[in-house]
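Student: Residue numbers (our numbering): 142 to 467.
Ideal Cβ positions, reconstructed from N, Cα and C, are used throughout, including at glycine.
There's a structure below that I have some questions on.
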């Protein structure tokens, strides 16, 4: 097994896997006028003897709040071992562009969109990606990676006879791999702020750990070309976490920083999700949420903004215990 994927999380990690494994890449696109949005999710499912290995592409129609799944034989999935470069059926995916050729009884989607001026999550030998040192733990249920926090879009998709022009819009790329999604999590992301170049993502999840579990989180706020990272391994702490039927509210503290987050919940679409490698789970994701952010440094406000066309998932129940979450 090559060590290259450990230090480059965007690469495919399933080369030696036979079962109980999934991997998926998440491409989010929002047009310049914020009238069109979508998420494209290529991936693979290896459930062992339970079912035949296969590949898939899920397409989430943001404003329409619906999704379609395109399934492929596993041998139609091809990847490069040294760089993020995927071919699936007639479609292509990389950190620089996507090219789609999708057809089902209800949908026809084709076209190409290029990604320019990408801001990648910083990586080092001891912290290769967003998971930091947890990247090296071999028994994690699910691993997470951010390929691009923000980039400019250039290109168009033809979607059921309509032209979706993404030129001048913003994009985001992340991924997951492992056995299963967590039992409970909150995920949110937006880079559609009034000021271009601002991007925010947050993931809070209940994580199995040596027979027990803990709640960990990953969070990044990109502004003015600088990424501020709030994570469990950087000793950040969630001191407030409130979830209602229409909103999610969090407060995160780290050193001299305080981050306040308020996300409005909206209707979404049903996506397939992994359970022991099999895509038999179901989750609801919206691309029409709004995320309001306030950042304070030494009690002084340094940033305030609202991101539209936000992705949001709330699955299971999470809450901050007394003393907060680390």
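Determine, using beta-carbon pairs with one atom in the segment 208-225 and one in the segment 253-267, whether at least three such pairs fall under 8 Å.
Tutor: Counting Cβ pairs under 8 Å, fewer than three are found: no touch.
Student: Counting Cβ pairs closer than 8 Å, one from the segment 166-185 and one from the segment 196-203, do we hit at least three?
Tutor: Cβ pair count under 8 Å is three or more, so yes.
Student: For the alpha helix (DSSP H) holding residue 148, just list the boundary residues, first then last.
Tutor: 145-148
Student: Could you check if residue 396 is buried or exposed, using at least 16 other CB atoms within 10 Å of its CB as the buried criterion?
Tutor: exposed
Student: What residue does the beta strand (DSSP E) around residue 420 start on, and which one ends it?
Tutor: 419-438
Student: Following the continuous beta strand (DSSP E) through residue 210, name the residue where it begins and the one where it ends.
Tutor: 207-214
Student: Which runs of the beta strand (DSSP E), 3 residues or longer, sit entirely within the segment 296-340?
Tutor: Entirely contained in the segment 296-340, the beta strand (DSSP E) runs reaching 3 residues are, in chain order, 303-306, 311-319, 326-331.
Student: What distance in whole Å lies between the Cβ atoms of residue 380 and residue 392, which are believed to be in contact at a cut-off of 8 Å?
Tutor: 5 Å
Student: Are there 16 or more other CB atoms within 10 angstroms of the CB of residue 267, so buried, or fewer, so exposed?
Tutor: exposed
Student: Quick check: the segment 154-167 against the segment 309-320, are at least 3 beta-carbon pairs closer than 8 Å?
Tutor: yes
Student: Ignore the nearest five residues each way along the sequence and tell me which others in residue 240's own chain have a CB closer than 7 Å to its CB.
Tutor: 232, 233, 253
Student: With a Cβ-Cβ cutoff of 8 Å, do residue 262 and residue 287 count as a contact?
Tutor: yes
Student: Can you give the beta carbon distance from residue 447 to residue 433, rounded, assuming they're within the 8 Å contact cut?
Tutor: 5 Å
Student: If we count the other Cβ atoms within 10 Å of its Cβ and call it buried at 16 or more, is residue 301 buried or exposed?
Tutor: The residue in question, residue 301, is exposed, as its Cβ has fewer than 16 Cβ neighbours within 10 Å.
Student: Please classify residue 345 as buried or exposed, where buried requires at least 16 neighbouring CB atoms within 10 angstroms.
Tutor: buried
Student: Let me check one thing: in DSSP terms, what residues is residue 353 bridge-paired to?
Tutor: 350
Student: So which of 338, 294, 333, 362 has the shortest CA-CA distance to residue 401?
Tutor: 362
Student: Quick check on the DSSP output: the beta strand (DSSP E) that includes residue 384 runs from which residue to which?
Tutor: 378-384
Student: With DSSP collapsed to three states, give me the class of residue 153.
Tutor: coil
Student: Within a Cβ cutoff of 7 Å, which residues of the same chain sit near residue 214, ignoring the five residues on either side of it in sequence?
Tutor: So the list reads 195, once near-sequence residues are dropped.
Student: On the DSSP bridge list, what partners appear for residue 442?
Tutor: Residue 442 is bridged to 437.
Student: Under the DSSP definition of a beta bridge, which residues are partnered with residue 284?
Tutor: Under the DSSP definition of a beta bridge, residue 284 partners with 318.
Student: Tell me the rounded alpha-carbon separation between residue 464 and residue 355.
Tutor: Residue placement at residue 464 is flagged as unreliable, the pLDDT there being 49, under the threshold of 50; the coordinate-derived value follows with that caveat. Spanning the two alpha carbons is a distance of roughly 14 Å.
Student: Residue 414 to residue 449, Cα distance in whole Å?
Tutor: 25 Å
Student: Measuring straight from C-alpha to C-alpha, what distance separates residue 394 and residue 443?
Tutor: 15 Å
Student: Tell me the residue span of the beta strand (DSSP E) that contains residue 255.
Tutor: 249-260
Student: Looking at residue 325: is its Cβ nearer than 8 Å to the Cβ of residue 435?
Tutor: no
Student: Which of the three DSSP states is assigned to residue 415 in this structure?
Tutor: strand
Student: Can we say the segment 366-378 touches the segment 415-427, given the rule of at least three CB pairs closer than 8 Å?
Tutor: no
Student: Within 10 angstroms of its Cβ, does residue 246 collect 16 or more other Cβ (buried), or is it exposed?
Tutor: exposed
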